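Residue numbers (the working numbering), protein chains in the order written: chain A, 2 to 356; chain B, 2 to 356.
For glycine and all other residues, C-beta sits at the position ideal for the given N, C-alpha and C.
Here the structure is a predicted model, which is why all the values come from computation and not from measurement.
Presented below is the structure to which this report refers.
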């Protein structure tokens, strides 16, 4: 710590991202990246964007990307906000919409960045416990609040909340913002996204990312969709923070990604199919697997300690994510890889638990 | 405004960036971009970074880029902070170092984002007036303060403060952070940067950018250099905001830019030489030109109104920056272009004032 820091900095408890180790021959199933590369059309668009115009500032309002998203989701550009990864978008959401007199609500087991944002912006929060089966019951959120946020599918559980349940919450909760963090929604069943409710509920904000289903974690692009008044609040924050959060190369890739629908769908379906195969194999090894609508599975073995399994996998050059947190310290969060990677994982676990 | 916004959002007065119009045949001298493209080595590095690894998150601590900067500036990686453009770096500086019981200080005529950050983070500030000749006298900053920030060279004036004057301030001001915002320092004389003072003054932070002298405004890369304790404070903020502010392509370009020193120096010298030629021509047209150590000049004509000149240039497809602000509304801020662009500007002004 330092006498030169702002007073609250000492108290911050920063987020710990999953490792990005520079080790060859690693089977990396720890940060829910897509096992497939971005679309060739995205790669071409990026290479085209590597030109002399990089000397110029990018369009501060990202107009073309917003227009592309608006058309894709059948919204207007005024209902679209974009940022440098959905983590930046979420940071602006917490600052611009969640600094309220009442506490905000989110699940006790959820994206562990939420309490970190609360620390950064001095926001009070209450954690709402998931049920014993780790399902999220939105009826539990019908209480006084300054805002509600939950991932859907939830992370790290992978469990999905149904669209009717979300709409019921929105009907009951009109006085604060409800944010549905849909980082993994493209791996859920069709029609699961809350985007279809935006025109009816002006307090609904949906946050999505290009890091998972669009295989662009390395580029940092996220966005939020909601009523024009919510988006305007976020724009006021963004324009007080950084006029140009997205550069030319990011913007070119983003537009191309939403244009190449065939590749996106093929990749998405392949990951979903691989997940179902992986779930079956893990269950045959005796693992309990939570129902997943994401590109990862959350599993535990009744006879093997979670931390021990994670360490044993690491010794076989396979990394998955293990959280030393209450309620979930017996679980492993395993990203869905290619069929080959998934088989490596299954074989390794089979060896480990057979000893 | 909206009942769903955090209370302070309504009061924000966001920054207005210079226009990025999509007009062909425009002579664009309004946002201090480099008139030359990035180094071919930077372009190659970016194209190489457009590969399948984009599906993976980038290194959250940007280790290789930090190592490159540390070697370049003869510092350690722990003395280096990096971000998504120097605007993001500055935002974290204001939040992490400037939220203090006492007001911070900056010049009355300066980068107009500073008061915007103060609005975002509820920071009190006092503007210290420049002298009548728009020079910045750091003796004026020897007063109680919660922090000091000034651009050097200053923007939009272009005037430079000497290194001995900065060191004298640092000796007199040990209890708060002094930030020297060196966005344009590479266009000043050699040895003007305050980086050489970092090892002696643990309250000194120097902020630089790749947007100007390195011709990468379109990529969004900035950094701060200072004592390890100041950098740690910024890292705590960054890791509570966005774990991965820089993507693979940005990082590859950044490293390559600091590696190709010859191209950088040639481009830098060319802009400086063009500036001196431009100053001579503008003076011959009767303009008063402030002494500039940046890649722009700040000029006024004793017989022609600033706003009228700006509009007349626009009608000739030349855009420069005019601020409707007290003390400087008779000035034009003109970015140094290529020799050809500068001649277009001079010819256009000659025509306008000869009518």
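Could one say the Cβ of residue i lies closer than 8 Å to chain B's Cβ atoms, at least one of them?
| i | result |
| --- | --- |
| residue 296(A) | no |
| residue 181(A) | no |
| residue 208(A) | no |
| residue 116(A) | no |
| residue 167(A) | no |
| residue 32(A) | yes |
| residue 242(A) | yes |
| residue 1(A) | The question about residue 1(A) has no answer, for chain A in this structure spans 2 to 356. |
| residue 38(A) | yes |
| residue 89(A) | yes |
Would you report the Cα separation of residue i and residue j, rounded to the nearest angstrom?
| i | j | result |
| --- | --- | --- |
| residue 277(A) | residue 91(A) | 30 Å |
| residue 76(A) | residue 124(A) | 31 Å |
| residue 67(A) | residue 205(A) | 18 Å |
| residue 347(A) | residue 316(A) | 15 Å |
| residue 270(A) | residue 188(A) | 8 Å |
| residue 202(A) | residue 105(A) | 19 Å |
| residue 133(B) | residue 349(B) | 29 Å |
| residue 304(A) | residue 282(A) | 17 Å |
| residue 238(B) | residue 172(A) | 36 Å |
| residue 273(B) | residue 5(B) | 50 Å |
| residue 127(A) | residue 74(A) | 32 Å |
| residue 63(B) | residue 3(A) | 23 Å |
| residue 58(B) | residue 38(A) | 12 Å |
| residue 297(B) | residue 138(B) | 21 Å |
| residue 178(B) | residue 144(B) | 13 Å |
| residue 213(B) | residue 84(B) | 15 Å |
| residue 15(B) | residue 327(B) | 19 Å |
| residue 97(B) | residue 308(A) | 35 Å |
| residue 118(B) | residue 241(A) | 6 Å |
| residue 165(A) | residue 131(A) | 18 Å |
| residue 193(A) | residue 186(A) | 7 Å |
| residue 174(B) | residue 135(A) | 55 Å |
| residue 100(A) | residue 9(B) | 9 Å |
| residue 48(A) | residue 55(A) | 12 Å |
| residue 61(A) | residue 356(A) | 58 Å |
| residue 279(B) | residue 53(A) | 23 Å |
| residue 141(B) | residue 170(B) | 10 Å |
| residue 89(A) | residue 243(B) | 6 Å |
| residue 258(A) | residue 321(A) | 28 Å |
Have a look at the DSSP bridge pairing and note the partners of residue i.
| i | result |
| --- | --- |
| residue 226(A) | 81(A), 207(A) |
| residue 385(B) | Any question about residue 385(B) goes unanswered here, given that chain B covers just 2 to 356. |
| residue 336(A) | 297(A) |
| residue 315(A) | Partner(s): none; residue 315(A) has no beta bridge. |
| residue 127(B) | 106(B) |
| residue 63(B) | For residue 63(B), which the question treats as bridged, DSSP gives no partner whatsoever. |
| residue 289(B) | 301(B) |
| residue 100(A) | Partner(s): none; residue 100(A) has no beta bridge. |
Closer than 7 Å by C-beta to residue i: which residues in its own chain qualify, once you throw out the five before and the five after it? Chain order, please.
| i | result |
| --- | --- |
| residue 81(B) | 67, 70, 71, 224, 226, 232 |
| residue 102(B) | 147 |
| residue 323(B) | 307, 308, 311, 333 |
| residue 155(A) | 108, 111, 137 |
Ordered along the chain, which non-local residues of its own chain (more than five positions away) have a Cβ less than 6 Å from that of residue i?
| i | result |
| --- | --- |
| residue 195(A) | 167, 181, 207 |
| residue 210(A) | 87, 184, 223 |
| residue 288(A) | 300, 302 |
| residue 268(B) | 37 |
Using C-beta distances below 8 Å, list every residue in its chain close to residue i, excluding the 5 sequence neighbours before and after it, in chain order.
| i | result |
| --- | --- |
| residue 229(A) | 77, 79, 80 |
| residue 18(B) | 32 |
| residue 286(A) | 302, 347, 350, 351, 354 |
| residue 65(A) | 252, 256 |
Can you check whether the C-beta of residue i is within less than 8 Å of a C-beta belonging to chain A?
| i | result |
| --- | --- |
| residue 5(B) | yes |
| residue 61(B) | yes |
| residue 92(B) | yes |
| residue 66(B) | no |
| residue 174(B) | no |
| residue 245(B) | yes |
| residue 18(B) | yes |
| residue 301(B) | no |
Margin query: Taking 8 Å as the cut-off, does the stretch 291-300 of chain B touch the stretch 145-161 of chain B (at least 3 CB pairs, one atom from each stretch)?
Written below: yes
Margin query: Would you call the stretch 322-340 of chain B in contact with the stretch 33-41 of chain B, where contact means no fewer than 3 C-beta pairs closer than 8 Å?
Written below: yes
Next item on the list: May I ask you to verify whether the stretch 138-150 of chain B touches the stretch 97-116 of chain B, counting CB pairs closer than 8 Å and requiring at least 3?
Entry: yes
Check: Per the contact definition of three or more C-beta pairs closer than 8 Å, is the stretch 217-229 of chain A in contact with the stretch 21-28 of chain A?
Finding: no
Next item on the list: Examine the Cβ distances between the stretch 252-260 of chain B and the stretch 40-53 of chain B and report whether three or more of them are shorter than 8 Å.
Entry: yes
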